[in-house]
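Q: Its first residue numbered 817, the sequence shown is counted upward by one per residue in the working numbering.
Okay, handing you the structure first.
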Amino acid sequence: MKPAKQIKQCSHKRDAILKVLLENFGHFVPGEILTRASNLSRSGVWKYITSLRSQGFSIGASIKRGYCLREIPDKLLPPLIQTGLQTSVVAREIHYFSTIDSTNRVAKEYALSGVSDGTVVIAEEQTSGKGRMNRVWVSPPSSNILCSLIFYTSMNTSSVFRLTMLASIAVVRAINNACGIVAQIKWPNDVYINGKKVCGILTEFLADHDSTSYVVIGIGINVNFDIARHPEIKGIATCLKEAKGQKVSRLRVLKTLLEEIDTLYQNFVQTGGKDLRKQWERHSMVLNRQATIISGDEVTRGFVKGINEDGHLILIDPQGNTKEVLCGDLSLKF
Ligand code: BTN
817 MKPAKQIKQC SHKRDAILKV LLENFGHFVP GEILTRASNL SRSGVWKYIT
867 SLRSQGFSIG ASIKRGYCLR EIPDKLLPPL IQTGLQTSVV AREIHYFSTI
917 DSTNRVAKEY ALSGVSDGTV VIAEEQTSGK GRMNRVWVSP PSSNILCSLI
967 FYTSMNTSSV FRLTMLASIA VVRAINNACG IVAQIKWPND VYINGKKVCG
1017 ILTEFLADHD STSYVVIGIG INVNFDIARH PEIKGIATCL KEAKGQKVSR
1067 LRVLKTLLEE IDTLYQNFVQ TGGKDLRKQW ERHSMVLNRQ ATIISGDEVT
1117 RGFVKGINED GHLILIDPQG NTKEVLCGDL SLKF
């Protein structure tokens, strides 16, 4: 499927205009300040203002007083994400879609075409959002966070799960820092609040022999999702709005998430992510609990002792034997 609408945003010149307007929200900024900040001509600034308006920004204009930003759309637009974003690798390049089939699918295409490390693909809506094990990921338009990150990391395929661990730790930290809500990780890759799923992560990669060429991490976070309208997930899913008791800024959560991923990724590049295990266990909702894991036809029960460096679950079975489980669906019913 071809992208319906795409906005690629890497221009620092244009960012400078939005940054100044955001800093002076509700107040007029003289045109010459914007031309100086952006190094664009007056007509260049005007063109950019027109493009912002077409994306839903309300901007007043006066010949004498300049421009005044009055309203920001509830959209995860690249300039809104990149303005003030404290990252060095992640989201320096963003590809935005109002509607797309799946951000993971598009991210895999971009990965092959050679974008920059840490590129983010983001969508307001997915028509074929993918979950693990070919499940469907449901998300109404402009309610939640749907994004995929591309990393050109070369690692043994048996260690790819470390990046999923990295993402789940970042999600927990972002939810806590942006909303003050405590979330926990349920093995292998889900984030839960009060016993209900708030986020799912789908990691896909391309490998040459046993070594990865790229890894795509797809993250879906339920933010302002009216779950009551979706009986198929009612009772098992939650959203940040429900946990907080009020509407949550998707932009704030996303920016915090990208910053957390950036911090963890820089450490990952240096260390290979061997120490992620400890942080993952700190946020785990399954550690030291009895669990049942279903993987295809195989059912494994036991006491969760922890995970290893590659995220395999370490269990003590009822006979006292230590077992390692690579993947599956975990239930805390025993
Ligand atoms: C799961 O819990 O099964 C994983 C869900 C992953 C959903 C996200 S939404 C953004 C990205 N694009 C997709 O098609 N899937 C992931």
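Glycine included, C-beta positions come from ideal geometry on N, C-alpha and C.
Spatial neighbours of His1046 within its chain, please: C-beta separation below 7 Å, excluding the five flanking residues on both sides.
A: Here residue 1046 refers to the residue found at position 230 of the sequence shown. Around His1046: Val954.
Q: Which residue or residues does DSSP assign as beta-bridge partners of Gln1106?
A: Residue 1106 sits at position 290 when you count from the first residue of the sequence shown. Phe1119.
Q: Between Phe1084, Asn855, Leu893, Met971, which has its C-alpha nearest Arg869's C-alpha?
A: Sequence index remark: in the sequence shown, residue 869 carries index 53 (1-based). Out of Phe1084, Asn855, Leu893, Met971, Leu893 has the C-alpha closest to the C-alpha of Arg869.
Q: Per the DSSP calculation, Gln942 is bridged to which residue(s)?
A: As a position in the sequence shown, residue 942 is number 126, starting the count at 1. The partner list for Gln942 (beta bridge, DSSP) reads Ile916.
Q: When the Cα atoms are used, what is the spatial distance from Pro1134 to Glu909?
A: One-based indexing of the sequence shown puts residue 1134 at position 318. One-based indexing of the sequence shown puts residue 909 at position 93. Taking the straight line from one Cα to the other gives about 50 Å.
Q: Would Asp1116 pass as a contact of Ser1147 if the rule is Cβ separation under 8 Å?
A: Position 300 of the sequence shown holds residue 1116. Position 331 of the sequence shown holds residue 1147. Looking at the sequence itself, residue 1116 is Thr, so the reference to Asp does not match. For Thr1116 and Ser1147, no; Cβs fall outside 8 Å.
Q: What ranges does the alpha helix (DSSP H) occupy inside the stretch 1030 to 1068, keeping only unbroken runs of at least 4 residues that lie completely in it?
A: List check, alpha helix (DSSP H) in window: 1056 to 1060.
Q: Between which residues of its own chain and Asn855 is the CB-CB distance below 6 Å, once the five residues before and five after are set aside?
A: Position 39 of the sequence shown holds residue 855. Counting only Cβ-Cβ distances below 6 Å, and skipping sequence neighbours, we find Lys829.
Q: Measure the beta-carbon distance from Ile961 to Val1069 and round it to whole angstroms, keeping in mind my assumption that it falls under 8 Å.
A: To locate residue 961, count along the sequence shown from 1; it is residue 145. To locate residue 1069, count along the sequence shown from 1; it is residue 253. Indeed, because the Cβ distance is near 6 Å, the residues count as touching under 8 Å.
Q: Verify the contact flag: Arg1117, CB atom, against every heavy atom of the ligand BTN, threshold strictly below 7 Å.
A: In the sequence shown, the residue the question calls residue 1117 occupies position 301. Checking the Cβ of Arg1117 against the ligand BTN gives no.
Q: At which residue ranges does the stretch 857 to 929 contain complete beta strand (DSSP E) runs of 3 or more residues, listed in the order of the chain?
A: List check, beta strand (DSSP E) in window: 874 to 878, 882 to 887, 910 to 916.
Q: Answer yes if the stretch 1078 to 1095 comes into contact with the stretch 961 to 980, meaning at least three C-beta pairs across the two stretches below 8 Å, and no otherwise.
A: Contact between the stretch 961 to 980 and the stretch 1078 to 1095 is present, because at least three Cβ pairs lie under 8 Å.
Q: Is the beta carbon of Val845 sitting closer than 8 Å to the one on Tyr883?
A: Here residue 845 is taken as the residue at index 29 of the sequence shown, counted from 1. Here residue 883 is taken as the residue at index 67 of the sequence shown, counted from 1. A contact, by the Cβ cut-off of 8 Å.
Q: Compute the minimum distance between the beta carbon of Arg1066 and the heavy atoms of the ligand BTN, and state whether it is under 7 Å.
A: By one-based count along the sequence shown, residue 1066 stands at place 250. The answer is no for Arg1066.
Q: Looking at Ala986 and Leu1073, is the spacing between their C-beta atoms short of 8 Å?
A: On the sequence shown, residue 1073 is found 257 positions in, with the first residue counted as 1. On the sequence shown, residue 986 is found 170 positions in, with the first residue counted as 1. Contact: yes.
Q: Rounded to the nearest angstrom, what separates Tyr1081 and Ser959 at their Cα positions?
A: By one-based count along the sequence shown, residue 1081 stands at place 265. By one-based count along the sequence shown, residue 959 stands at place 143. Roughly 27 Å between the two C-alpha positions.
Q: Which runs of the beta strand (DSSP E), 3 residues or longer, sit entirely within the stretch 967 to 1010?
A: With a minimum length of 3 residues, the continuous beta strand (DSSP E) runs that stay inside the stretch 967 to 1010 are 1000 to 1002, 1006 to 1009.
Q: I'd like to know whether the C-beta atoms of Glu1114 and Ile1130 end up nearer to each other than 8 Å.
A: Taking the sequence shown and counting its residues from 1, the one referred to as residue 1114 is at position 298. Taking the sequence shown and counting its residues from 1, the one referred to as residue 1130 is at position 314. No, Cβ-Cβ distance for Glu1114 and Ile1130 is not below 8 Å.
Q: Would the C-beta of Gly1016 count as close to the ligand BTN, meaning under 7 Å from any of its heavy atoms?
A: Mapped onto the sequence shown, residue 1016 falls at position 200. Yes, since a heavy atom of the ligand BTN falls inside the 7 Å radius drawn around the Cβ of Gly1016.
Q: In this structure, does DSSP put Gly847 in helix, strand or coil?
A: Sequence index remark: in the sequence shown, residue 847 carries index 31 (1-based). Helix.
Q: Indicate whether Ile1035 and Ala983 have their beta-carbon atoms separated by less than 8 Å.
A: Here residue 1035 refers to the residue found at position 219 when the sequence shown is read from its first residue. Here residue 983 refers to the residue found at position 167 when the sequence shown is read from its first residue. Result yes, Cβ atoms of Ile1035 and Ala983 sit closer than 8 Å.
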